[in-house]
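Structure first, then comments.
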Amino acid sequence: MATEILMPALSPTMEEGTLAKWLVKEGDTVSSGDILAEIETDKATMEFEAVDEGVMGKILIAEGTEGVKVNTPIAMLLDEGEDADSATVDTAQSQQPAPADKEQSSEDQKAAGLLHPSPAALKIDRSPDWPEGTEMKQTTVREALRDAMAEEMRRDDDVFLMGEEVAEYQGAYKISQGLLDEFGAKRVIDTPITEHGFAGIGVGAAFGGLRPIVEFMTFNFAMQAIDQIINSAAKTLYMSGGQMGCPIVFRGPNGAAARVGAQHSQDYAAWYSMIPGLKVVMPYSAADAKGLMKTAIRDPNPIIFLENEILYGRSFDVPVLDDFTIPFGKAKIWREGSDVTIVSFGIGMTYALEAAEALAKDGIEAEVIDLRTLRPLDYETVIESVKKTNRCVTVEEGFPVGSIGNHLSAYIMTHAFDYLDAPVLNMTGKDVPMPYAANLEKLALVTTKEVIDAVKQVTYR
Amino acid sequence: MAARKTAAKPNVSKDELLHYYREMLLIRRFEEKAGQLYGMGLIGGFCHLYIGQEAVVVGLEAAAEEGDKRVTSYRDHGHMLACGMDPKGVMAELTGREGGYSKGKGGSMHMFSKEKHFYGGHGIVAAQVPIGAGLAFADKYKGNDRVTFTYFGDGAANQGQVYESYNMAELWDLPVIFVIENNQYAMGTSTKRSTKSPSYWERGAAYGIPGEEVDGMDVLAVKAAGEKAVAHCRAGKGPYILEIKTYRYRGHSMSDPAKYRTREEVQKMREERDAIEHVREMLLQGKHASEDDLKAIDKEIKGIVNEAAEFSKESPEPALDELWTDIYAEA
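For the record, the sequence lines run as chains C and F. Just so we're aligned, residue 1 is where the first sequence starts under the numbering used here, counting upward by one. Just so we're aligned, residue 1 is where the second sequence starts under the numbering used here, counting upward by one.
In structure tokens:
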């Protein structure tokens, strides 16, 4: 039975080409791998090989023909002893071309939720983070993070910590103080200074069934490893059709510290929050640092846990509970108010809360929301608040372009447009690399005064 | 590459030879079919064929045991077939269908099988190398004696993360075999033009990792080297490097006109060094099989591949709501 040889597509975008030259003639015997013809695409001249074996029957398209559409029959391949004129074509033999792309109807798209993409609905437990009357203990963010890791390492032998100086040095910022003593060198592992490599080893270990916590001495250094974080950790569950997840926590200090210049002072919150497949956490208080870290370690997905060097030494009340966790996607309202909504996260909360107190003295009651996790993000709490206050100011230390504030502004515009009495203002770091000089650094960061001024602007005071 | 020594291989059984023949032929026929489906527009995007390199994975799989892991680059179809993944599921992933290993959401370069311990399928050159070391880290942590085969090409061998991985793998005695599939071209750049010291396996010496060069067109030589490397790793002695000299007959991907080498060079390899022909000769010369026996195998393999191709065309495209699934695992 004869087989039609079709004009091949030889690049991802080729639709037609020139049949430049036949390298076989009618009557030749060909076997798989023999070069049959040269075909010109828009980019190059390609050799076209035989897949099946047989005898060249009829050449249907002469050499030199331009504009031959992909999947046009260009020749007939005959079985031995077969005659070209009486041959029957075996169309069943793999020769149906690809179906033409059909336009997806808007009904199809609606069915799949394509026209109105919205973040997956979250089922959030809205009950308080801890029961009323729970005993509280003043704890630093540093201790809270350490306690969370230690508790989870006691709970699950597959949890381990790796990074630069995490073991014998007890952590460059002393977050892993005491962990080597308790868990030993098998589970608290000093790495060489090799971020790309150990991030990748962490990802592999997670694929292999462990629960790694990978510390970056700061998130600035994670830039060396960003391919492993984005392309390997975040995307594999999707690319594997749900087969292979990556339960890993990448953690470390993020954002400006003090006087360390442009390469050591950057807030990556907005960068990571853009990536589907990652979850992004950025706590402000010690209680949140602890409860969210424990949730992060138990989560089966890759987590970006953004800490802050300046906050490490601050003390907050932390509930004294055996197993205290906070779910992702649940914002915390630190202060209720009716005049304006201030939304922030991480160290931005410092400015937000200071501003709110100062504003209260002027008779402006601000509602202050700490997002706590940026992916998933608690849109509901923000929108409910804006519907009440009709005004919103966002506060973060990151760069202004493509910021979390920008995203929230768009979201609020889409979902609460009619409730807004003023434009949403985004208070951010300035659009400059971080300068070293003390006075310029101060100028580059967002300040409490700027937040106060922004609130006055949106409340028309 | 030196001409093959067709010395007698006294220790090879008929069954073993037939197994290699069958496995290598399956990969070749599968890849030829994939090339054809690509030409018909049924497979899209990038498609990197393994034709010519079959002896590498088939030889190393013969040295592997149940539970050993493997991870590789985007030229991954051969690895998946050799570790026992279903040709239908692989082909249907190439055509982007529901029946593919990743439900059509991964494509040629991104496939996985937990069941067969195949950890991808990675599209970023050399990203799989620290991942492979990490898989080995997990096995060492758990205290089993499994080994991870981490495959990468001569092109990837110049990436920095390979050497970061070498350092940590040897520092922590990780049971990982770094398999450099040296097919002599990183896309269109020959090793001569990219690398001052082209003996890639020797680079392990800087980290204390032993290694060797292997004739990748001889499946028996690959298997023997693989067994040695596996024994080293299982004994807890840390990583091992195999630089396997091989050759790809086709372009880097389907859209590569391959103008960086001559047709004669490719033809010479095919005629003088082809790994499948080599085993075929051994089978015939050793009177292990007749021409008719081999023809029957050819026919059987062709049947498997045609069945896979049919499945890959008949399997429906993924449902539209698959767009939104598998982004996060349920917490």
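For glycine and all other residues, C-beta sits at the position ideal for the given N, C-alpha and C.
Label ILE193 (chain C) either buried or exposed according to how many other C-beta atoms from any shown protein chain fall within 10 Å of its C-beta, with 16 as the threshold for buried.
The residue in question, ILE193 (chain C), is exposed, as its Cβ has fewer than 16 Cβ neighbours within 10 Å.
PHE305 (chain C) to ALA352 (chain C), Cα distance in whole Å?
Spanning the two alpha carbons is a distance of roughly 21 Å.
Let me know the secondary structure DSSP gives VAL266 (chain F) once reduced to three states.
It is helical.
Between C:GLY54, C:LEU359, C:ASP322, C:SER344, which lies nearest to THR134 (chain C) when the distance is taken from Cα to Cα?
The residue with the shortest Cα to Cα distance from THR134 (chain C) is C:ASP322.
Report the residue ranges of all beta strand (DSSP E) runs contained in full by the segment 373-425 of chain C; include only those spanning at least 3 residues, in chain order.
The segment 373-425 of chain C contains these whole beta strand (DSSP E) runs: 373-375, 392-395.
Would you kindly work out how many angstroms separate the C-alpha atoms of PRO253 (chain C) and PRO435 (chain C), rounded to a whole number?
Looking at the backbone, the Cα of PRO253 (chain C) and that of PRO435 (chain C) are separated by about 19 Å.
Cβ atoms of GLY59 (chain F) and VAL222 (chain F): under 8 Å apart, would you say?
Cβ atoms of VAL222 (chain F) and GLY59 (chain F): closer than 8 Å.
Bridge partners of TYR185 (chain F), per DSSP?
Assignment of beta-bridge partners to TYR185 (chain F) by DSSP yields F:SER190.
For VAL260 (chain C), tell me which candidate among C:GLU365, C:ILE189, C:ILE310, C:ALA199 has the shortest Cα-Cα distance.
Here the closest residue by C-alpha is C:ILE310.
Just to confirm before moving on: does the CB-CB distance between THR18 (chain C) and THR72 (chain C) stay below 8 Å?
Not in contact: THR18 (chain C) and THR72 (chain C) (Cβ atoms no closer than 8 Å).
What do you reckon, are the CB atoms on GLU322 (chain F) and LYS103 (chain F) nearer than 8 Å?
For GLU322 (chain F) and LYS103 (chain F), yes; Cβs fall inside 8 Å.
For ASN301 (chain C), which option in C:TYR460, C:MET239, C:VAL451, C:ALA206 has the closest C-alpha, if you only look at C-alpha atoms?
Of C:TYR460, C:MET239, C:VAL451, C:ALA206, the residue nearest in Cα terms is C:ALA206.
Label VAL401 (chain C) either buried or exposed according to how many other C-beta atoms from any shown protein chain fall within 10 Å of its C-beta, with 16 as the threshold for buried.
By the 10 Å Cβ count, VAL401 (chain C) comes out exposed.
On a CA-only basis, which of C:VAL203, C:TYR411, C:GLY54, C:ALA258 is nearest SER31 (chain C)? Give me that one, please.
The option with the nearest alpha carbon to SER31 (chain C) is C:GLY54.
Partners in chain F for HIS407 (chain C), counting only beta-carbon separations shorter than 9 Å
Residues of chain F passing the Cβ test: none, with the nearest at roughly 18 Å.
Do you know offhand how far ASN183 (chain F)'s Cα is from ARG248 (chain F)'s?
One C-alpha to the other measures close to 6 Å.
Where do the ends of the beta strand (DSSP E) carrying GLU367 (chain C) lie?
For GLU367 (chain C), the uninterrupted beta strand (DSSP E) segment begins and ends at 366-370.
Determine the DSSP secondary structure at ALA64 (chain F), reduced to helix, strand or coil.
Shown here, ALA64 (chain F) sits in coil according to DSSP, grouped into three states, outside any helix or strand.
Of the residues that make up the segment 263-277 of chain C, which ones have a beta carbon closer than 8 Å to any beta carbon in chain F?
Within the segment 263-277 of chain C, the qualifying residues are PRO276, GLY277.
GLU38 (chain C) and GLU47 (chain C) closer than 8 Å at C-beta
It is a contact, given that the beta carbons lie within the stated cut-off.
Buried or exposed for GLU15 (chain C), going by 16 or more other Cβ atoms inside 10 Å?
Counting Cβ neighbours within 10 Å, GLU15 (chain C) comes out exposed, since fewer than 16 surround it.
Is the beta carbon of VAL125 (chain F) less than 8 Å from the beta carbon of ALA92 (chain F)?
No, the Cβ-Cβ distance between VAL125 (chain F) and ALA92 (chain F) is not below 8 Å.
In chain order, each alpha helix (DSSP H) run of at least 4 residues that lies wholly inside the segment 117-147 of chain F:
Within the segment 117-147 of chain F, the alpha helix (DSSP H) runs of at least 4 residues that lie entirely inside it are, in chain order, 128-142.
For LEU292 (chain C), report the span of its alpha helix (DSSP H) as first-last.
Bounds of the alpha helix (DSSP H) holding LEU292 (chain C) are 286-298.
Run of the beta strand (DSSP E) containing GLU38 (chain C), from where it starts to where it stops
Note, GLU38 (chain C): beta strand (DSSP E), 35-40.
For ILE59 (chain C), which residues in chain F fall below 8 Å Cβ to Cβ?
What ILE59 (chain C) touches in chain F: nothing, since even the nearest Cβ is about 17 Å away.
In the structure shown, what three-state DSSP assignment does MET14 (chain C) receive?
If DSSP states are grouped into helix, strand and coil, MET14 (chain C) belongs with coil.
Looking at the structure shown, is SER232 (chain C) part of a helix, part of a strand, or coil, going by DSSP?
Helix.
Three-state secondary structure (DSSP) at PRO319 (chain C)?
Three-state result, PRO319 (chain C): strand.
Which residue comes first and which comes last in the alpha helix (DSSP H) that contains ASP293 (chain F)?
It spans 291-314 - the alpha helix (DSSP H) in which ASP293 (chain F) sits, taken as one unbroken run.
Looking at the structure shown, is ALA258 (chain C) part of a helix, part of a strand, or coil, going by DSSP?
Under the three-state reduction of DSSP output, ALA258 (chain C) falls in the coil class, being neither helix nor strand.
Taking Cβ to Cβ, would you say ARG251 (chain C) is nearer than 8 Å to GLU215 (chain C)?
Their beta carbons are under 8 Å apart, which means ARG251 (chain C) touches GLU215 (chain C) by this criterion.
Give a yes or no on contact between the segment 275-286 of chain F and the segment 63-79 of chain F, applying the rule of three or more CB pairs nearer than 8 Å.
Too few Cβ pairs lie closer than 8 Å, so no.
On the three-state DSSP scale, how would you describe GLN93 (chain C)?
Summary for GLN93 (chain C): the model assigns pLDDT 45, below 50, so the residue's position carries little reliability; its value from the coordinates is reported in the next sentence. Coil.
Quick check on TYR151 (chain F): does DSSP put it in helix, strand or coil?
It is a strand residue.
Report the partner residues of PRO73 (chain C) according to the DSSP bridge assignment.
In the DSSP output, where bridge partners are listed per residue, PRO73 (chain C) has C:LEU6.
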